[in-house]
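Asks: Residue numbers (our numbering): 26 to 491. What follows is a single structure, and I will ask about it in a moment.
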Amino acid sequence: MSEYPGLFDVLVVGGGNAALCAAISAKRTGAKSVLVLEGAPRFYRGGNTRHTRNMRCAHDSATDTLSGPYTEDEFWDDLLRVTGGETDEQLARIMIAESKEMLHWIVEQGVRFQPSLGGTLSLGRTNSFFLGGGRSMLNALYRTAESLGIEVWYDAEVIGLDIADGRFHSARVKIKDQIISIRAASLVAAAGGFEANIDWLKESWGDVAENFLIRGTPYNRGTVLRMLLDKGVQPIGDPTQCHAVAIDARAPKFDGGIITRLDCVVFGIVVNRHAQRFYDEGEDFWPKRYAIWGRLVAQQPDQIAYIVFDASSLKMFMPSLYPPNQAPSIQELAQKLELEPAILLQTVSDFNAAVRPGSFDHTVLDDCRTEGLTPPKTHWARKIEIGPFYAYPVRPGITFTYLGTRVDRDARIQMADGSRAQNMFAAGEIMAGNVLGRGYAAGIGMTIGSVFGRIAGREAAYHAQQ
């Protein structure tokens, strides 16, 4: 092992949104030398940020890219609702307050947003969509980082951390066949969760995790998180809680991204392997409920389910990469899905009989509902009766995990003995469990990464200067 000469002011481990925001913030705060270690090759840089589309930020009025106001109180209410109160209120409110400025700060770093979107996502007022998506956003941040003189090393896997008494000293990094020791005055951990580590998932989920699909990068294996916890960092969060959506069962095991997600649950019914419904498909707006469906499907036999709908709904949602299964009758559709035709027909017939017509409007919590049916469909219930009939097979798609490192308002890592780490900070998915005890609402992951990345970089730079 060789030692890299000199001492960096700030070492950032990770290469996604949180890491880049931290690196840029550190440099702009006065850090003389900042190094970013990205464990992936350059082409795959950026972790799950590569697959994102938007960020949720509070704002007091409509803008060029947002259709109306989204106050701090409303943001807090939405977060409280999706987490069921399982959130650190102080950190959550800091994130929400800082998110207002983030809309401007992130643009100053070269990121561009597109005009607000309408349609079934219902996010035009609350979420800003990146022009060109996550890759474009990442490319802008990398260009800014490089223009500021921030070093970025790719294929740089951190395999060891020298930490003693809550103080970071150095990192052992494997680059090709070399192992290099890198010293830094401050460390920012922004290396994501452990969702790509199936063995770790199985520790809490059991063998059902073998049927999980990983929506994002295969490089988020939780190596840095595990090392931090082993070195006495205080954990936060439940290892079974995660951002988990229902994605097309035909998606690849890793890196399927946004194009394998399905946003059509609210327009039909969802049945399991036994052709039975198991949850209210119309409970709330899709952006506030889409991230519960991965967990729901994970609890079903063989961890698979099927979204069933008819021709009247086919063009009401954004299509995915794969076409739906199609048949002229429910019985024939069941045969294609390898479900019992008589049971699926009975499930659809019972649903249709329970539908109470109203004024269908997917942009509001409408009055189209079922009556006398368990589970109910609370909104957007329409009879499935117009052929041809369609279905998508879905499996749990894990985006990121919530078990992570506990931090304070300065994004400083907390130790298991109750002390504050002397020079270690965290941002992004590796500390998201502080805000997301469970549940999810669209765009919050990017907000956590950007806000706490900016805070972590700033505080790391302050420490290095001292």
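Ideal placement from N, C-alpha and C gives every residue a C-beta, glycine not left out. Here the structure is a predicted model, which means the values were calculated and not measured.
Helix, strand or coil for Val107, going by three-state DSSP, please let me know.
Replies: Here residue 107 refers to the residue found at position 82 when the sequence shown is read from its first residue. The answer is helix: DSSP assigns Val107 an H, G or I state.
Asks: Could you give the residue range of the beta strand (DSSP E) that holds Pro421?
Replies: The residue you call residue 421 lines up with position 396 of the sequence shown. It spans 414 to 426 - the beta strand (DSSP E) in which Pro421 sits, taken as one unbroken run.
Asks: Under 9 Å, do Phe303 and Ala269 count as touching if we go by C-beta distance?
Replies: Counting from 1 along the sequence shown, the entry for residue 303 is found at position 278. Counting from 1 along the sequence shown, the entry for residue 269 is found at position 244. No, they are not a contact pair.
Asks: Can you give the beta carbon distance from Ala215 to Ala486, rounded, assuming they're within the 8 Å contact cut?
Replies: Sequence index remark: in the sequence shown, residue 215 carries index 190 (1-based). Sequence index remark: in the sequence shown, residue 486 carries index 461 (1-based). Incorrect: roughly 15 Å between the Cβ atoms, too far for contact.
Asks: With a threshold of 16 other CB atoms inside 10 Å of the CB of Ser27, please say whether the residue is buried or exposed.
Replies: Walking along the sequence shown from the start, residue 27 turns up at place 2. Its Cβ having fewer than 16 others within 10 Å, Ser27 is exposed.
Asks: Quick one, which of Ala48, Pro382, Ser206 has its alpha-carbon nearest Gly174's?
Replies: Mapped onto the sequence shown, residue 174 falls at position 149. Measuring from the Cα of Gly174, the nearest candidate turns out to be Ala48.
Asks: Quick check for students: name the residue ranges of the beta strand (DSSP E) that lie wholly in the stretch 252 to 289, counting only runs of 3 or more.
Replies: Whole beta strand (DSSP E) segments, 3+ residues: 267 to 273.
Asks: Is it buried or exposed for Val389, if we count other Cβ within 10 angstroms and need 16 for buried?
Replies: Walking along the sequence shown from the start, residue 389 turns up at place 364. Exposed is the call here.
Asks: Glu171 lies in the alpha helix (DSSP H); which residues open and close that run?
Replies: One-based indexing of the sequence shown puts residue 171 at position 146. From DSSP, the alpha helix (DSSP H) with Glu171 extends over 158 to 172.
Asks: Less than 9 Å between the beta carbons of Gly453 and Thr151, yes or no?
Replies: Within the sequence shown, residue 453 is the residue found at index 428, counting from 1. Within the sequence shown, residue 151 is the residue found at index 126, counting from 1. No.
Asks: When the distance is taken between beta carbons, is Cys267 closer than 9 Å to Glu220?
Replies: In the sequence shown, counting from the first residue as 1, residue 220 sits at position 195. In the sequence shown, counting from the first residue as 1, residue 267 sits at position 242. Their beta carbons are under 9 Å apart, which means Glu220 touches Cys267 by this criterion.
Asks: By alpha-carbon positions, which one of Trp178, Ile188, Arg479 ends up nearest to Pro66?
Replies: By 1-based counting over the sequence shown, the position of residue 66 is 41. The shortest C-alpha separation from Pro66 is found at Trp178.
Asks: Could you tell me whether the stretch 59 to 78 touches the stretch 38 to 47, using the rule of 3 or more Cβ pairs below 8 Å?
Replies: Yes: the two stretches touch, three or more of their Cβ pairs being nearer than 8 Å.
Asks: Go ahead and label Thr399 buried or exposed: buried means 16 or more other beta carbons lie within 10 angstroms of its beta carbon, across all protein chains shown.
Replies: Residue mapping note: residue 399 aligns to position 374 of the sequence shown, counting from 1. With fewer than 16 Cβ atoms within 10 Å of its Cβ, Thr399 is classed as exposed.
Asks: Touching or not, the stretch 278 to 291 and the stretch 364 to 383, by the rule of three or more beta carbon pairs under 8 Å?
Replies: No: the two stretches stay apart, fewer than three of their Cβ pairs being nearer than 8 Å.
Asks: Let me know the secondary structure DSSP gives Gly429 once reduced to three states.
Replies: The residue you call residue 429 lines up with position 404 of the sequence shown. Of the three classes helix, strand and coil, the one that applies to Gly429 here is strand, per DSSP.
Asks: Look at the alpha carbon of Tyr415 and the alpha carbon of Phe425, and state the distance between them as a whole number of angstroms.
Replies: To locate residue 415, count along the sequence shown from 1; it is residue 390. To locate residue 425, count along the sequence shown from 1; it is residue 400. When rounded, the distance between both Cα atoms is 30 Å.
Asks: Please list the segments of the alpha helix (DSSP H) lying wholly inside the stretch 318 to 344, counting only runs of 4 or more residues, in order along the chain.
Replies: DSSP runs (the alpha helix (DSSP H)) wholly in the stretch 318 to 344: 318 to 323.
Asks: Rounded to a whole number of angstroms, what is the C-alpha to C-alpha distance between Gly474 and Asp442?
Replies: For the purposes of this step, residue 474 is taken as the residue at position 449 of the sequence shown. For the purposes of this step, residue 442 is taken as the residue at position 417 of the sequence shown. If I take the Cα positions, the gap works out to 26 Å.
Asks: Taking a contact to mean a Cβ-Cβ separation below 9 Å, would you say Gly247 touches Trp225 in this structure?
Replies: The residue you call residue 247 lines up with position 222 of the sequence shown. The residue you call residue 225 lines up with position 200 of the sequence shown. Cβ atoms of Gly247 and Trp225: closer than 9 Å.
Asks: Per the DSSP calculation, Met127 is bridged to which residue(s)?
Replies: Locating residue 127 in the sequence shown gives position 102, counting from the first residue. Beta-bridge pairing links Met127 to no other residue.
Asks: With a threshold of 9 Å between beta carbons, is Val295 in contact with chain C?
Replies: Judged by its chain identifiers, the structure shown contains no chain C, having just a single protein chain.
Asks: With the cut-off set at 9 Å, would you say Pro421 and Ala271 are in Cβ contact?
Replies: Working through the sequence shown from its first residue, we reach residue 421 at position 396. Working through the sequence shown from its first residue, we reach residue 271 at position 246. Yes, Cβ-Cβ distance for Pro421 and Ala271 is below 9 Å.
Asks: Identify every run of the beta strand (DSSP E) within the stretch 50 to 121, keeping only runs that are complete inside it and at least 3 residues long; order them along the chain.
Replies: DSSP runs (the beta strand (DSSP E)) wholly in the stretch 50 to 121: 59 to 62, 79 to 81.
Asks: Between the Cα of Pro264 and the Cα atoms of Asn245, Gly429, Gln301, Tyr29, which residue gives the shortest distance?
Replies: Counting from 1 along the sequence shown, the entry for residue 264 is found at position 239. Looking at the Cα atoms, Gly429 is the closest of the given residues.
Asks: Excluding five sequence neighbours on each side, which residues of the same chain lie with their C-beta closer than 6 Å to the C-beta of Thr395?
Replies: As a working note, residue 395 is residue 370 in the sequence shown. Cβ neighbours of Thr395 beyond the five flanking positions: Ala379, Val380, Pro401, Lys402, Ala406.
Asks: Give the DSSP-derived three-state secondary structure of Gly482 in the structure shown.
Replies: If you number the sequence shown from 1, residue 482 lands on position 457. It is helical.
Asks: By DSSP's criteria, Glu182 is part of a beta bridge. Which residues make up the other side?
Replies: By one-based count along the sequence shown, residue 182 stands at place 157. The partner list for Glu182 (beta bridge, DSSP) reads Lys199.
Asks: Taking the alpha helix (DSSP H) that Asn377 belongs to, which residues open and close that run?
Replies: Mapped onto the sequence shown, residue 377 falls at position 352. 366 to 379 is the span of the alpha helix (DSSP H), which, as asked, contains Asn377.
Asks: Sort out for me which residues DSSP pairs Asp187 with in a bridge.
Replies: Locating residue 187 in the sequence shown gives position 162, counting from the first residue. Ser195.
Asks: If I follow the unbroken beta strand (DSSP E) through Gln351, where does it start and stop?
Replies: In the sequence shown, counting from the first residue as 1, residue 351 sits at position 326. Here the beta strand (DSSP E) through Gln351 covers 350 to 352.
Asks: Just mark His194 as buried or exposed, buried being the case when its beta carbon has 16 or more other beta carbons within 10 Å.
Replies: By one-based count along the sequence shown, residue 194 stands at place 169. It counts as exposed.
Asks: Distance check for Phe155 and Lys20, CA to CA, integer angstroms please.
Replies: The structure shown does not extend to residue 20, since the chain is modelled only from 26 through 491, so no value can be given for it.
Asks: I need the straight-line Cα distance from Arg437 to Glu133, nearest angstrom please.
Replies: For the purposes of this step, residue 437 is identified with residue 412 of the sequence shown, where counting begins at 1. For the purposes of this step, residue 133 is identified with residue 108 of the sequence shown, where counting begins at 1. Distance between the alpha carbons of Arg437 and Glu133: 25 Å.
Asks: Ala214 bridges to which residues according to DSSP?
Replies: Looking up residue 214 in the sequence shown gives position 189. DSSP lists Val38, Ala451 as partners of Ala214.
Asks: Considering Cα atoms alone, identify which of Val233, Asn164, Met252, Gly231 is closest to Arg197.
Replies: Counting from one through the sequence shown, the residue named residue 197 turns up at place 172. Nearest option by C-alpha distance: Met252.
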